[in-house]
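Asker: My questions all concern the structure below.
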Amino acid sequence: MSDPDLGTDLGAVFGPTAEGAEPELVQLLTPEGELREHPEFSFDGSTEDVRGFYRDLVLTRRIDAEATALQRQGELGIWASLLGQEAAQVGSGRAMQPQDFAFPTYREHGVAWCRGVDPLRLLGLFRGVDQGGWDPRDDNFGLYTIVIGAQTLHAAGYAMGMQRDGVVGTGDPDRDAAVIAYFGDGATSQGDVNESFIFASVFNAPVVFFCQNNQWAISEPIERQTRIPLYQRALGFGFPGLRVDGNDVLACHAVTKAALQRAREGSGPTFVEAYTYRMGAHTTSDDPTRYRLSEELEHWKLKDPIARVEAYLKRGDLADGDFFRAVASEADELAAQLREGCLSMPDPHVLDIFDQVYGEPTQELQAQKEQYAAYLESFEGSHA
Amino acid sequence: MSDPDLGTDLGAVFGPTAEGAEPELVQLLTPEGELREHPEFSFDGSTEDVRGFYRDLVLTRRIDAEATALQRQGELGIWASLLGQEAAQVGSGRAMQPQDFAFPTYREHGVAWCRGVDPLRLLGLFRGVDQGGWDPRDDNFGLYTIVIGAQTLHAAGYAMGMQRDGVVGTGDPDRDAAVIAYFGDGATSQGDVNESFIFASVFNAPVVFFCQNNQWAISEPIERQTRIPLYQRALGFGFPGLRVDGNDVLACHAVTKAALQRAREGSGPTFVEAYTYRMGAHTTSDDPTRYRLSEELEHWKLKDPIARVEAYLKRGDLADGDFFRAVASEADELAAQLREGCLSMPDPHVLDIFDQVYGEPTQELQAQKEQYAAYLESFEGSHA
Amino acid sequence: MSSVTLAKALNSGLRAAMEADPKVLVMGEDVGKLGGVFRVTDGLQKDFGEDRVVDTPLAESGILGTAVGLALRGYRPVCEIQFDGFVYPAYDQIVSQVAKMRFRSLGRLPMPIVIRIPFGGGIGAVEHHSESPEAQFAHTAGLKVVAVSNPVDAYFMIQQAIASDDPVVFFEPKRRYWEKAELDESAPPPPLFSSRVVREGTDATVLAYGPMVKTALEAAIAAAEEGRSLEVIDLRTLSPLDMGPVLESVRKTGRAVVVHEATVNLGMGAEVAARVTEQCFYALEAPVLRVGGFDTPYPPSRIEEEYLPDLDRVLDAVDRSLAY
Amino acid sequence: MSSVTLAKALNSGLRAAMEADPKVLVMGEDVGKLGGVFRVTDGLQKDFGEDRVVDTPLAESGILGTAVGLALRGYRPVCEIQFDGFVYPAYDQIVSQVAKMRFRSLGRLPMPIVIRIPFGGGIGAVEHHSESPEAQFAHTAGLKVVAVSNPVDAYFMIQQAIASDDPVVFFEPKRRYWEKAELDESAPPPPLFSSRVVREGTDATVLAYGPMVKTALEAAIAAAEEGRSLEVIDLRTLSPLDMGPVLESVRKTGRAVVVHEATVNLGMGAEVAARVTEQCFYALEAPVLRVGGFDTPYPPSRIEEEYLPDLDRVLDAVDRSLAY
Ligand SMILES: Cc1ncc(C[n+]2csc(CCOP(=O)(O)OP(=O)(O)O)c2C)c(N)n1
Ligand SMILES: Cc1ncc(C[n+]2csc(CCOP(=O)(O)OP(=O)(O)O)c2C)c(N)n1
Ligand SMILES: [Mg+2]
Ligand SMILES: [Mg+2]
């Protein structure tokens, strides 16, 4: 607004510079599969790497599709699909070094894949047999976190631990480590997430805040969380923020690699907004037709993260039919294994939970366990 | 850092533009008492207004000094002194319209004065006779809030209420209203404060976030809360932020007036960082010698908010000896009244608390009250 | 008279309250177009507009904190917490602001805020979606806490809670959202803060609230077949507790069992047991026994049925009580 | 042997723990140069550096959330919450993350975090500085909760808590920070999670913890002058409760009074009363009586002495118990 009598337009003079203006988006591979130049970023990998990405993308999507099917058939209680976000997850996941650590939400199946977590382990939470079936220390991939934003503070703290362990800014590429925190557009409204920005910036902790802006927080569009491009949030906390085409695996890889490198070198946090779209429902319990138009979906279908890589590989004859067939059948095998593994997942035993609460068990809890065991026995095995 | 092999310096290219650079500070009256031009802001008041500010500043400081003395003499349990922050509070307080609403911390004695709250009422909380002795609806001045940052969300919500009441952007200056939320530099690290920025910006609520950066949060310097100038925080949330000389009452008035006007007109929130200094201890319980150097204090003494107004008035012969004497004696009278009022403040009666918890009393609580009353009587009045 | 689900009854109650008072607002995550993940606010935004049915940013402390500001401005916000486990980010605003504002202001400032919380387990959900945090709010002076067990109460209690000038934490038994009952909207409801005998009996008293009332009633039916007569009381209000009907019943039966999903340790059962024992010590034939969650976090859903109190565990406790 | 205040004993205990294990960190607001508002961390940053004694941004959720991350990285954070009333912004991280991480990970991930909370009233402070939130944490499975009553326990219990692989909420009686006692650092301490008889008696048992232990002992002395013999137990651990000594004592005396500053409604007394009644029903001559804060928020300090349980109110409860 202009305010003549006060002679100043606060918004114009002191407002966010980029307000309104279309933010620039880092893109290295167009939806049509053409490489694009960018003044700051370039993909430094080989064709082999691109084929690897393609494989990751396809397998990740296949895992996701199978899990969705398993839920439909009642084998999972719920599933949070990553459909449409494969490139953001594979690109960032493949940018990590083994010594880096990732803190996921509940949707990072593609990152888990890149870290080497057995996809079957991911199903436990959704099947209701456990609440986190893998050991985060095995692949430096944290447990899924359902409380929105909570894991971003864990990431900042873990990064502070890396600083104290002397594995930041040593110059030794095999030693220097960083943390990547995953979260969604909706999560940026949580106090915890903003506090994690503060801790990370004040302590200059090696964290990459990787936000997958899939345009929706269940039924709420991005406008309910911010009125400026999300990546600009970082400017308010004193570290770089940038937006990358979240459906472009090459761009996501290049940008995340640079951000992680920056963190490892001791230059502190970076906010990466991966601009993408949630192609499916929020979860299998959700019905998006209640709140969004199919036009939007059609529009984003044209930006599919896998199609563009396939087009790129084919156009340049960088992969032949055998390659694509091989990946396809590998995907089918993986899916079959996943299904088989899911169906044969053992149910937990209720008596075990009493031993998982504390490291040093309490008499009280042990007594409860024994009493309950005796109680269950009294039904001659009908319960137990 | 520069990162040749990746060909980009994220910090330089995507970082906060103003990082490092000395932020510009809105100042209209120099410490020497000389008026200063500013491209965006000018003081639009009369000499009479400036004399009024001088009076407000002196009386506010006197109230504060008397309260500190009362604490030293054991009449108050604790006191949070505003010494050094008078200009920020008087300048912003006098920029408000009657229909505006202020949400204070525990240190806004100067704002309370401007709103017309009886200074004696402020003492209740610190003397321990009540937890908020004034009715916020009388002068549109909220109760002191001790939980850091909590009031900023109340401010955003209150402003959302104003929007629903149709008193924003009507163009009627007597009708349009806005909210001003006071908080400190330390408070900017709280999740609540950042969430209040989000609610205010997403709903474009009429709030002025007035942050008194007095450089310290008890013993923690501003570096523990941010690594860039605080006013830039607003850019991350999509609304204007600016820094004003918090010891310059004219600048604080002009800037706050413009920000409030902007809010009333429906243009949304503004973040005002009043750059000032906590000249005293955090509270009377604190010992700043444990954590800060006296040099700093000496440096800030030269920027005293009252001295510069006095110098300005004297230099231009805008006030004579009688005026200054009159203000001085008014201050003494006020202090004497305050002291007298404090000493004669009645203690609360413990039985009254049972009636202040709920609007619709509960049987349980009534029973507790009666039992306790009977119990107290059993000591034949020795307790009651 | 129409047969409605508990969720629908809440929806009708909200609608009635919004029609009756323009100051009533609904706010929360996904309460607008979606109508909430349980559809309790279905259609309200369409009919009352975005100013009165507000999809908020994803921040629970922000929801409650702005609700406090709206209440100070004269509004009556009804805040939806999407799931029990997500109320904790708002805990500070609830216990230090919502609960204390009136007291802080010497009784001057009312906080007519309703905090709706779908609570409890049994729906096969993932972590944080099956919590029972009611005791923590009941322990907090300044709040009032109620729990709904059936559609008829749901319809009336939500309106009574909204009409209250005191903040009410309103617990909804999510696993019972789809249970139906005949609702006569013209039948005068009992007071909000009252408990009620829902089945008469003579041998022992079973006290429950929210989702466990149905379980208690099923237990009473099973017990009857074995010739034991159980009186079942729906506490309905958890703070303040309405001890009248409870004490009367226990004086009659001499035995009491309290049932809830929450962890037994410091759960509602502890307070009820302590008060019953204090207030009818000589009438007790046996100590008040408690049936509830074990002292573990809520388990993976595949074993939740074994974790949750059920008919058998209630009867087992009744047997132990009768054995004294 | 030296005479030390409770605050100094904690300081020495922290120092000993930091010397013993380089993974131990102290973090919180003003814990560095200032040494905390109660000087409990006095001098630690000077001797152990800013990496191990961390002045954090002013954000409690941030403190606990980053502590979780540090714990996952192998550190043992000791988080100071400046005052009881300011733990609530961290409530979500404490109950949903700190308390559940091990359970969520099938027992794999330990959370060796200590949350130090100066609690209780009696120091003439303003609002939010005199809260007693212990019951809410004791109700939370996954946490362990202890309360210190004297300098000797303070010195040993803080070290034991830091050595624990489970998260411990560590309550410090702020009004007793300046009380002194002889401390023999070489005397072997009792286990952390044990309660203890601190005065033997025969007529009734008084159960207390934290700041109320001194009050209970004073009451016992006064009672003795009137010829009544009270046994006083310092609970020390609130979760898990150590019922052994409690039951033994009540079986002997037949009467019990529980004392705490927290609101009686759903306070620790409720759980203790429920368990005592359940576990020695026939031994009870009277119901377990509770003395604590009324069901109101903490009042202005000028009347806190009337609000807080004192010697007279404890004796009054004892009289009522003996009257049965
Ligand atoms: C603290 C908290 N509040 C509410 C929820 C319920 N909830 C689960 S997912 C979700 C939306 C998250 O949106 P976003 O952050 O954009 O992530 P996305 O699901 O789109 O990947 C909500 C509100 C939660 N899990 N945690
Ligand atoms: C949530 C919360 N945490 C901690 C405290 C204790 N405390 C009171 S004032 C203060 C420092 C506040 O600093 P700042 O926001 O800069 O305001 P100032 O006191 O400098 O005016 C702290 C940590 C509190 N009141 N609330
Ligand atoms: Mg999203
Ligand atoms: Mg400050």
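Residue numbers (my numbering), protein chains in the order written: chain D, 1 to 384; chain V, 1001 to 1384; chain H, 2001 to 2324; chain F, 3001 to 3324.
Note that the Cβ used here is the ideal one computed from N, Cα and C, for glycine as well.
#1: Along the region 324-349 of chain D, what residues have a CB closer than 7 Å to any CB found in chain H?
#2: Under 9 Å, Cβ to Cβ, is there at least one residue of chain D near V/Leu1006?
#3: Should the region 332-343 of chain D be called in touch with the region 353-364 of chain D, which here means at least 3 C-beta pairs below 8 Å?
#4: Which residues, in order along the region 3067-3090 of chain F, keep a beta-carbon less than 9 Å from a beta-carbon of chain D?
#5: Assuming V/Phe1183 and V/Thr1152 make a contact with CB atoms under 8 Å, what is their CB distance in whole Å?
#6: From H/Met2268 to D/Thr60, what does the alpha carbon distance come to, in whole angstroms?
#7: Compute the beta-carbon to beta-carbon distance between V/Val1111 and V/Gln1131, rounded to the nearest angstrom, for a pair I have assumed lies under 8 Å.
#8: With a threshold of 8 Å (Cβ to nearest heavy atom), would D/Asp64 be considered close to ligand 3?
#9: Can you pull out the residues from the region 1159-1173 of chain V whose beta carbon lies closer than 9 Å to at least one beta carbon of chain H?
#10: Just verifying my parser: in three-state terms, what is the DSSP assignment at D/Lys257?
#11: Beta-carbon of D/Leu70 versus every beta-carbon of chain H: anything under 9 Å?
#12: Report, in whole angstroms, the separation of the C-beta atoms of F/Gly3148 and D/His154, which I expect to be a contact under 8 Å.
#13: Taking 9 Å as the threshold (beta carbon to beta carbon), is D/Ser81 in contact with chain V?
#14: Using a Cβ-Cβ cut-off of 9 Å, state whether F/Gly3269 counts as contacting chain H.
#15: Indicate the three-state DSSP secondary structure (helix, strand or coil) for H/Ser2003 in the structure shown.
#16: Tell me the DSSP secondary structure of V/Asp1245 in three-state form.
#17: Let me check understanding here. Comparing Cα to Cα, which of H/Ser2301, H/Tyr2282, H/Gly2227, H/Asp2316 lies closest to H/Val2258?
#18: Could you work out which residues of chain F lie near H/Asp2203, taking near to mean beta carbons separated by less than 7 Å?
#19: Under the criterion of a Cβ to heavy atom distance below 8 Å, does D/Arg224 qualify as lining ligand 3?
#20: For a minimum of 4 consecutive residues, which ranges assigned as the alpha helix (DSSP H) are wholly contained in the region 2007-2070 of chain H?
#21: Is D/Gly7 helix, strand or coil by DSSP?
#22: To the nearest angstrom, how far is it from the Cα of D/Ala384 to the Cα of F/Gly3227?
#23: Can you tell me whether H/Ile2162 is helix, strand or coil according to DSSP?
#24: What's the gap between the Cα of D/Phe101 and the Cα of F/Ala3256?
#25: Is any beta-carbon of chain D found at less than 9 Å from that of V/Asn1213?
#26: When the Cα atoms are used, what is the spatial distance from V/Ala1234 to V/Ala1254?
#27: Mind reading off the beta-carbon distance from H/Pro2089 to D/Gly191? Whole number of angstroms is fine, and I expect it under 8 Å.
#28: Comparing alpha-carbon positions, which option in D/Ser92, D/Phe271, D/Gln337 lies nearest D/Val193?
#29: Compare the C-beta of D/Phe199 against all C-beta atoms of chain H and say whether one is closer than 9 Å.
#30: Quick one: measure Cβ to Cβ for F/Glu3131 and H/Leu2266, integer angstroms, because I've assumed they're closer than 8 Å.
#31: Here's the rule: buried if 16 or more other CB atoms are within 10 angstroms of the residue's CB, otherwise exposed. What is F/Lys3350?
#32: Between D/His282 and ligand 1, is the CB less than 8 Å from at least one heavy atom?
#33: At a Cβ cut of 9 Å, what residues of the region 3231-3246 of chain F count as close to chain B, listed as they run along the chain?
#34: Assuming F/Tyr3209 contacts F/Leu3230 under a Cβ cut-off of 8 Å, what Cβ separation, rounded to an integer in Å, is found between them?
#35: Does any C-beta atom of chain D lie closer than 9 Å to the C-beta of H/Arg2302?
#36: What would DSSP say about H/Ile2081, mapped onto helix, strand or coil?
Answerer: Based on what the coordinates show:
#1: Result list: Asp347, Pro348.
#2: With a pLDDT of 42 at V/Leu1006, under the threshold of 50, the predicted position of this residue should be treated as unreliable, and no value is reported.
#3: Under the Cβ criterion (8 Å, minimum of three pairs), the region 332-343 of chain D does not count as touching the region 353-364 of chain D.
#4: Listed by position along the chain: Ala3067, Val3068, Gly3069, Leu3070, Ala3071, Leu3072, Arg3073, Gly3074, Tyr3075, Pro3077, Pro3089.
#5: Rounded, the Cβ-Cβ distance is 6 Å, consistent with contact.
#6: Answer to the nearest angstrom: the Cα atoms are 46 Å apart.
#7: Not really, about 19 Å apart at Cβ, beyond 8 Å.
#8: No, the beta carbon of D/Asp64 sits no closer than 8 Å to any heavy atom of ligand 3.
#9: Here the close residues are Ala1159, Met1160, Gly1161, Met1162, Gln1163, Arg1164, Asp1165.
#10: The three-state reading of DSSP puts D/Lys257 in helix, counting H, G and I together.
#11: No, D/Leu70 does not count as interfacial toward chain H.
#12: The amino acid at residue 3148 of chain F is misidentified as Gly; the sequence shows Val. Not a contact, Cβ separation roughly 29 Å.
#13: Residue contact check for D/Ser81 against chain V: no CB pair falls below 9 Å.
#14: Taking a beta-carbon distance threshold of 9 Å, F/Gly3269 counts as an interface residue toward chain H.
#15: Of the three classes helix, strand and coil, the one that applies to H/Ser2003 here is strand, per DSSP.
#16: Residue state for V/Asp1245 is assigned as strand, using DSSP reduced to three classes.
#17: The shortest C-alpha separation from H/Val2258 is found at H/Asp2316.
#18: Correct list: empty, because the minimum Cβ distance to chain F is about 18 Å.
#19: Closer than 8 Å to some heavy atom of ligand 3: that does not describe the Cβ of D/Arg224.
#20: Runs of the alpha helix (DSSP H) inside the region 2007-2070 of chain H: 2044-2048.
#21: Note that D/Gly7 scores a pLDDT of 43, beneath 50, so its modelled location is shaky and nothing firm can be said.
#22: Only weak support exists for where D/Ala384 lies, its pLDDT of 39 falling under 50; the coordinates are left without a value.
#23: Judged by DSSP in its simplified three-state form, H/Ile2162 adopts helix.
#24: Inter-residue distance for D/Phe101 and F/Ala3256 is about 53 Å (C-alpha atoms, whole angstroms).
#25: It does not; no Cβ of chain D falls within 9 Å.
#26: Straight-line spacing of the CA atoms in V/Ala1234 and V/Ala1254 works out to 19 Å.
#27: Right, the Cβ-Cβ distance comes to about 7 Å (below 8 Å), so this counts as a contact.
#28: That would be D/Phe271, whose Cα lies nearest to the Cα of D/Val193.
#29: False, the Cβ-Cβ gap to chain H never drops below 9 Å.
#30: Not confirmed; about 17 Å, so no contact.
#31: Lying before the first or after the last residue shown, residue 3350 of chain F is absent from chain F, which here runs from 3001 to 3324.
#32: It does: the Cβ of D/His282 is within 8 Å (strictly closer) of some heavy atom of ligand 1.
#33: Judged by its chain identifiers, the structure shown contains no chain B, and its protein chains are D, V, H and F.
#34: At roughly 16 Å, the Cβ-Cβ gap does not stay under 8 Å, so F/Tyr3209 and F/Leu3230 are not in contact.
#35: Yes, contact with chain D.
#36: H/Ile2081 falls in the coil class under three-state DSSP.
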